[in-house]
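Following this note's numbering, the numbering of the sequence shown begins with 1 at its first residue and continues without gaps.
Cβ coordinates follow ideal geometry from the N, Cα and C atoms, glycine included.
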Amino acid sequence: MNSIMLLTLDLNDPRPLHEQVAAAVRRAIGAGDIAPGDRLPPARDLADALGVNANTVLRSLRDLRDEGLLEFRRGRGVSVLRRPDGREALRARVRDLLDEAAGFGLTADDVVALVRELVGDGIEDGIEDLGGEPREDPREDLGKDLGKDASKETA
Numbered sequence: 001m002n003s004i005m006l007l008t009l010d011l012n013d014p015r016p017l018h019e020q021v022a023a024a025v026r027r028a029i030g031a032g033d034i035a036p037g038d039r040l041p042p043a044r045d046l047a048d049a050l051g052v053n054a055n056t057v058l059r060s061l062r063d064l065r066d067e068g069l070l071e072f073r074r075g076r077g078v079s080v081l082r083r084p085d086g087r088e089a090l091r092a093r094v095r096d097l098l099d100e101a102a103g104f105g106l107t108a109d110d111v112v113a114l115v116r117e118l119v120g121d122g123i124e125d126g127i128e129d130l131g132g133e134p135r136e137d138p139r140e141d142l143g144k145d146l147g148k149d150a151s152k153e154t155a
């Protein structure tokens, strides 16, 4: 529980503060710094530690509750229910990435090409560090969520 007090926010991050707070708590849960069953400090304490308004923290905690990660109990505070599903969390981030890419005039295929470029630059060496299993061809699953087999397309 004390490790949650060590969370920090990036002032240069363009995302709204409540999303940054939710992401920081989600990462702490995913990393095992906060385990299922652990209680979180009161929202006011989190807000003071992060230098944000308590309502910002409450909004973040409600979002995490809606995701099924947290449980609110009257008189008992906020507890962690479960760790986030990595694939589910990444799916949401990929959707955000695709939305942001569209704002720059890029298509899903452009994003896939950028990911392939990163994979070609050796990012697959870091897959084990992210908790995944290395694949013979890391591009294999890349296009499945986009409805195509990215490993068969030419770069």
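Residue i, enclosing beta strand (DSSP E) - first and last residue
{"i": "residue 80", "result": "77-80"}
{"i": "residue 73", "result": "70-73"}
Endpoints, the alpha helix (DSSP H) within which residue i is located
{"i": "residue 65", "result": "54-66"}
{"i": "residue 30", "result": "17-30"}
{"i": "residue 118", "result": "108-120"}
{"i": "residue 44", "result": "43-50"}
Cβ neighbours of residue i in the same chain (closer than 6 Å, five flanking residues each side left out)
{"i": "residue 39", "result": "77, 79"}
{"i": "residue 26", "result": "84"}
{"i": "residue 17", "result": "52, 56"}
Nearest-angstrom beta carbon gap, residue j and residue i [assumed within contact, 8 Å]
{"i": "residue 160", "j": "residue 70", "result": "Given a span of 1 to 155 for the chain in the structure shown, any question on residue 160 remains unanswerable."}
{"i": "residue 112", "j": "residue 97", "result": "The pair is not a contact, with the Cβ atoms about 11 Å apart (cut-off 8 Å)."}
{"i": "residue 21", "j": "residue 60", "result": "4 Å"}
Beta-carbon contacts of residue i that lie in its chain and below 7 Å, excluding the five residues immediately before and after
{"i": "residue 44", "result": "54"}
{"i": "residue 29", "result": "69, 80, 83, 84"}
{"i": "residue 72", "result": "65, 78"}
{"i": "residue 36", "result": "80, 81, 82, 83"}
Burial state of residue i, where buried means 16 or more other Cβ atoms lie within 10 Å
{"i": "residue 116", "result": "buried"}
{"i": "residue 8", "result": "exposed"}
{"i": "residue 118", "result": "exposed"}
{"i": "residue 107", "result": "exposed"}
{"i": "residue 47", "result": "buried"}
{"i": "residue 23", "result": "buried"}
{"i": "residue 129", "result": "Only weak support exists for where residue 129 lies, its pLDDT of 46 falling under 50; the coordinates are left without a value."}
{"i": "residue 50", "result": "buried"}
Minimum Cβ-Cβ distance from residue i to chain D less than 7 Å
{"i": "residue 42", "result": "In the structure shown, chain D does not exist; there is a single protein chain."}
One or two residues paired with residue i in a DSSP bridge
{"i": "residue 39", "result": "79"}
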